[in-house]
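These notes concern the structure reproduced below.
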Amino acid sequence: MAIYQKIPDSITNAPPERTNFDERFVSLLIPQDAQDRLEAQELRQLVHRALQELTDDEMRTIELRYQHKQSPGQAASRMAISREEMAALEESGLQKLRSSLEDWHQGR
19 MAIYQKIPDS ITNAPPERTN FDERFVSLLI PQDAQDRLEA QELRQLVHRA
69 LQELTDDEMR TIELRYQHKQ SPGQAASRMA ISREEMAALE ESGLQKLRSS
119 LEDWHQGR
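126 is the number that this note's numbering gives the last residue of the sequence shown; the numbers go up by one with no jumps.
Written out as structure tokens, the structure is:
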């Protein structure tokens, strides 16, 4: 089975396929030593703990906006709330995540 897809001979007007950017791919590009791997693992654990502190609505908002790349209007519609409520949930969720990361960054 080939790893790479064959590029077609003819150019089409079809939109390009969307590809997901995987963290494992990024790790191949960055040379890491033991200290880098340890810090990356610590950061993953910190983000995981910070995500656990979000309310269900904040988590859903962050997931729709940043993982599924939905616009504010799309996310609000999907959650059946107003754009203003969605924006408030997004801001409070991001603030919680930022405060956890700032504490970690200052402790480095």
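Idealized CB from N, CA, C, for every residue including glycine.
DSSP places residue 83 outside any alpha helix (DSSP H), giving it a letter other than H or E. By the neighbour-count criterion, in which a residue is buried when 16 or more other Cβ atoms sit within 10 angstroms of its Cβ, residue 82 is buried. In summary, residue 73 is exposed, with fewer than 16 beta-carbon neighbours lying within 10 Å of its beta-carbon over all protein chains present. The Cβ-Cβ distance between residue 75 and residue 107 falls below 8 Å. Comparing alpha carbon positions, the residue from 122, 60, 114, 124 closest to residue 80 is 114.
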